Amino acid sequence: MPSGTRLSSRALLTVLYLSVFLSLIPQSSVAETRTCTAPLRELVEAATGRVQVRKRSLEELTQLRFGTYNTLNLTQSADGAALKSEEKRLGVAAAILDNDLDVAVLQEVEDLQKCKDYARDYLKDRYEVLLSTGNDKRGIQVAYLVKKDLPFKIKLDSNANARAVYPVTGQEIPIFSRDLPALRIWADSQNAEAEDPLVVFYGTHFKSKRSKDGDSESRILRRTQVEAAASIIRKDRDAHPSTFMMIAGDFNGDVHKDAEFQPIKEILADAFDLQPKKLNEIERITHTFHPRDGATQFSQIDAFFVSEDKARYIEEAFVHRYKDANGKIKPVPQTWDERELNPSDHFPVIFKMNFRKLLEERSVLRRDAAFLPLRLLPAPARSRILPLPVAA
0 MPSGTRLSSR
10 ALLTVLYLSV
20 FLSLIPQSSV
30 AETRTCTAPL
40 RELVEAATGR
50 VQVRKRSLEE
60 LTQLRFGTYN
70 TLNLTQSADG
80 AALKSEEKRL
90 GVAAAILDND
100 LDVAVLQEVE
110 DLQKCKDYAR
120 DYLKDRYEVL
130 LSTGNDKRGI
140 QVAYLVKKDL
150 PFKIKLDSNA
160 NARAVYPVTG
170 QEIPIFSRDL
180 PALRIWADSQ
190 NAEAEDPLVV
200 FYGTHFKSKR
210 SKDGDSESRI
220 LRRTQVEAAA
230 SIIRKDRDAH
240 PSTFMMIAGD
250 FNGDVHKDAE
260 FQPIKEILAD
270 AFDLQPKKLN
280 EIERITHTFH
290 PRDGATQFSQ
300 IDAFFVSEDK
310 ARYIEEAFVH
320 RYKDANGKIK
330 PVPQTWDERE
340 LNPSDHFPVI
350 FKMNFRKLLE
360 ERSVLRRDAA
370 FLPLRLLPAP
380 ARSRILPLPV
390 AA
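Below, the structure is given as structure tokens:
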């Protein structure tokens with residue numbers, strides 16, 4: 000119930016009566032009674048402000064849709080000085096909803112509460128939000144959206160405290176500009192304490208190209224961050240060999256061309272290069288840069304890097320393009336003014352996984368309990384654990 004909301008005694012009795020009525024309906028007859036129960040559930044939701052979520056079963060999940068998206072400030076700049084327009088907020092939401100993403104990692108978001116408010120107001124309240132505060136002094140964060148109806152146990156680990164020596168200064172520092180969070184996903188029916196996760200989804204927002212400490216375009220710092228990320232992921236992969244391991248986000252450099260990303264390429268591969276359909280240079284563009292004096296720069300700085308030995312699970316990976324008011328796909332911006340009309344300076348990257356194949360090979364479907372209540376998992380320091388809502 001929303002804070003400060005109180006029900007009248009009549010409304011309270013109505014809600015209690017309807018709740019008891021719904022609880023007495025056998026699970027096996029839900030389909031047959033849906034016509035009757037749907038309006039009643041709507042009454043309960045209207046009275047309590049709580050949306051009832053029916054969790055999908057693993058059998059329904061033939062495909063999982065992942066996304067990465069730098070939103071260029073989800074609702075406002077981190078310092079609150081500049082608000083994002085309503086049109087652009089809706090544009091960000093359209094990119095997420097049009098692709099019906101199950102799980103997404105977002106960059107350049109403000110804080111947990113603003114993300115939750117955005118998910119409620121713009122994403123039809125379909126998502127749980129997970130965010131572990133990182134190191135960015137401006138307050139720019141990396142967050143995850145996870146569909147509420149997924150039959151998963153999930154855990155969020157943070158690597159914001161990871162340290163490494165920055166070669167330019169020789170000092171040991173918290174190496175990640177924001178964080179390198181890891182979202183771990185198990186099926187409800189799995190034993191999370193004893194079994195490898197089905198998926199581990201790292202998110203990143205590496206250092207920007209603003210020069211720092213005499214480090215031109217921060218290439219040395221970014222390379223050090225990539226090396227640290229590759230080391231963490233390699234250890235995780237070796238400890239969980241059956242897990243589908245991937246990292247996605249804003250790499251702040253052209254992953255297809257820049258040498259600093261070689262450490263990641265030694266353990267993972269760009270999903271664009273592993274899928275059957277190969278993308279041309281234009282189709283790979285995820286960002287445009289428009290210097291005042293010079294030609295427009297087109298690059299792929301957003302990507303999914305995945306386990307190459309598990310490429311068989313890849314169904315499709317592509318860059319989402321924005322649409323105009325008539326639903327027509329807009330061309331890649333050629334000027335700063337054209338880019339300013341988009342919801343963000345980045346394009347989202349979408350990755351579709353053959354989840355059924357993964358479940359079958361991991362023999363998880365045989366143990367599926369579609370409506371099993373979620374358990375809290377023991378968490379190390381700097382971890383965030385979140386149970387998705389139990390089915391109504």
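Each residue of the sequence shown is one higher than the one before, counting from 0 in my numbering.
Where is the CB? At the ideal position from N, CA and C, for every residue including glycine.
None of the values given here were measured: they were computed from a predicted structure.
Give me the Cβ distance between Phe205 and Phe250, rounded to the nearest whole Å; I'm assuming they're in contact under 8 Å.
The pair is a contact, with the Cβ atoms about 5 Å apart (cut-off 8 Å).
Considering only residues of the same chain and omitting the five flanking positions on each side of Arg236, which have a CB-CB separation below 6 Å?
Excluding sequence neighbours, Arg236 sits near Met244.
Ile281 to Arg320, Cα distance in whole Å?
Roughly 11 Å between the two C-alpha positions.
If distances are taken between C-alpha atoms only, which option among Tyr68, Leu73, Gly252 and Tyr117 comes closest to Ser217?
The shortest Cα separation from Ser217 among Tyr68, Leu73, Gly252 and Tyr117 belongs to Gly252.
Using 8 Å as the threshold, is the region 224-240 in touch with the region 277-296, meaning 3 or more CB pairs across them?
Touching, no, given that fewer than three Cβ pairs across the two stretches are closer than 8 Å.
Does the Cβ-Cβ distance between Val225 and Phe175 come in under 8 Å?
No, Cβ-Cβ distance for Val225 and Phe175 is not below 8 Å.
Could you give the DSSP three-state label for Phe370: helix, strand or coil?
Caution is warranted here: a pLDDT of 42 is assigned to Phe370, below 50, making its placement in the model unreliable, and the coordinate value is therefore given only provisionally. Phe370: coil per DSSP, three-state reduction.
Rounded to whole angstroms, what's the CA-CA distance from Tyr68 to Gly133? Just pull it up for me.
Their backbone Cα atoms lie some 17 Å apart in a straight line.
Please look up how many angstroms separate the CB atoms of Gly202 and Gly248, rounded, as I've assumed it's under 8 Å.
Yes, Gly202 and Gly248 are in contact; Cβ-Cβ is about 5 Å, under 8 Å.
Thinking C-beta only, is Val363 closer than 8 Å to Ala454?
Here the chain comprises residues numbered 0 to 391, so residue 454 is not present and cannot be evaluated.
Residues in the same chain with beta-carbon distance under 8 Å from Gly138, minus the five sequence neighbours each way, listed in chain order, please.
Excluding sequence neighbours, Gly138 sits near Ala77, Asp78, Glu109 and Asp110.
Could you pull out every residue in the same chain whose Cβ sits closer than 7 Å to the Cβ of Arg177, ignoring the five residues on either side in sequence?
So the list reads Gly133, Asn134, Asp135, Ile139, Gln140, Val141 and His204, once near-sequence residues are dropped.
Tell me which residues share the same chain as Arg283 and place their Cβ nearer than 8 Å to its Cβ, disregarding the 5 neighbours each side in the sequence.
Correct list, in chain order: His255, Phe271, Gln299 and Val318.
In this structure, does DSSP put Gly90 in helix, strand or coil?
Reduced to three states, the DSSP call for Gly90 is helix.
Take Asp99 and list the residues in its own chain whose beta-carbon comes closer than 7 Å to its own, dropping the five residues that flank it on each side.
Taken in chain order, the residues that qualify are Arg64.
Where do the ends of the alpha helix (DSSP H) carrying Asp120 lie?
Note, Asp120: alpha helix (DSSP H), Leu111 to Tyr121.
Cα-Cα, which of Arg162, Tyr143 and Asn190 is closest to Pro180?
Of Arg162, Tyr143 and Asn190, the residue nearest in Cα terms is Tyr143.
Do Arg183 and Asp148 have their CB atoms nearer than 8 Å?
Not closer than 8 Å, so no.
So if DSSP puts Ser210 in a beta bridge, which residue, or which two residues, is it bridged to?
In DSSP, Ser210 forms no bridge with anything.
Helix or strand or just coil, what does DSSP make of Ile281?
Ile281: coil per DSSP, three-state reduction.
Taking Pro240 as the reference, give the member of Lys309, Ala227, Ser188 and Asp187 with the closest Cα.
The residue with the shortest Cα to Cα distance from Pro240 is Lys309.
Among the candidates Ile219, Lys152, Asp214 and Thr223, whose CA atom is the shortest distance from the CA of Ala199?
Looking at the sequence shown, residue 199 is not Ala but Val. Per the Cα distances, Lys152.
Quick check on the burial criterion: 16 or more other C-beta atoms within 10 angstroms. Buried or exposed for Asn190?
So Asn190 counts as exposed.
Mapping DSSP to helix, strand and coil, what is Ala77?
In the structure shown, Ala77 sits in coil (DSSP, three-state: anything other than H, G, I, E or B).
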